[in-house]
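See structure below.
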Amino acid sequence: METPLDQAIHKLKVDVLHMMHLAQDAVKKAVASLLEHDPDLARAVIDADREINDYECRVDTESLKILALHHPVAKDLRFIVGSMRMLVNIERLGDEAVNIAERVLTLTAETRFPLHDNLRQMADLALELVAASIACYMDLDDAAALRIIEQNAAALDLNVRIFRDVTTEMIRESRPVERAVQHSFVAHSLKRVCDQCANIAESTIFIRRAVDYKHKCSPLPGSA
């Protein structure tokens, strides 16, 4: 039979997952606005960010109430603290979606603008990691969390490659300099999306194994 604490933790998990889906939707729409040259969709992402911010405040307040009313210990305490850690990362996913949308508004001053292939690849990776971070939290799957952290290294490599390519383009031609700069900012935001997913994965590992994985480079014991 569920205790009041069990019920509160279940509601917290549902709320965090809902916030994750709001952030996922924002990132998806921001990427779509980039790929489809759609300023209206970009504006919709910017306008919708307030909902994510408000949700973070509400869930954070509810989490503090659980701590104050139920005095959880052990795995229950880890789950609540780990979930509260994630709220900041989830809110930042929404922020990065807004950053991308704002770049799209600048880019769409041109009728059409070509995108670097690597930028499309980065967008695909960012969307993949957002979906994976939701799944690993929902299932508290520490193995999946480790895979997200490993994949985040690929995002860094892509980001460096994009920056190198657009820098070369700026040196070669002056006309597309503004477009290249905006692409660099978009790539950075997509990389930050991947970073936030890795942070969410680290919090999942904390909840599941009571290990703070942040800044660690070696696999967890028993993860092989």
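Take 0 as the starting number for the sequence shown in numbering that gives the first Met the number 0 and just add one per residue.
Glycine residues also receive a C-beta, built at the ideal position from the N, C-alpha and C atoms.
Element boundaries [alpha helix (DSSP H), containing residue i]
i: L139; result: Looking at the DSSP string, L139 is not in any alpha helix (DSSP H), and its letter there is neither H nor E.
i: L114; result: Neither: L114 is in no alpha helix (DSSP H) and is coded neither H nor E.
i: T203; result: 176-208
i: A67; result: 38-69
i: A108; result: A108 -> no alpha helix (DSSP H), and no H or E assigned at all.
i: D5; result: 3-34
Cβ pair residue i, residue j closer than 8 Å
i: P124; j: A153; result: The question names Pro, but residue 124 in the sequence shown is Leu. In contact: L124 and A153 (Cβ atoms closer than 8 Å).
i: I147; j: A100; result: no
i: V180; j: A122; result: no
i: I204; j: D116; result: no
i: P38; j: L104; result: yes
i: E95; j: S188; result: yes
i: A186; j: G93; result: no
i: C193; j: L128; result: yes
i: I133; j: Q6; result: no
i: I65; j: L11; result: yes
At least three beta-carbon pairs within less than 8 Å, the segment 30-46 to the segment 72-91: no
Touching or not, the segment 17-33 and the segment 130-143, by the rule of three or more beta carbon pairs under 8 Å? yes
Is the segment 50-66 touching the segment 82-91, taking contact as three or more C-beta pairs under 8 Å? yes
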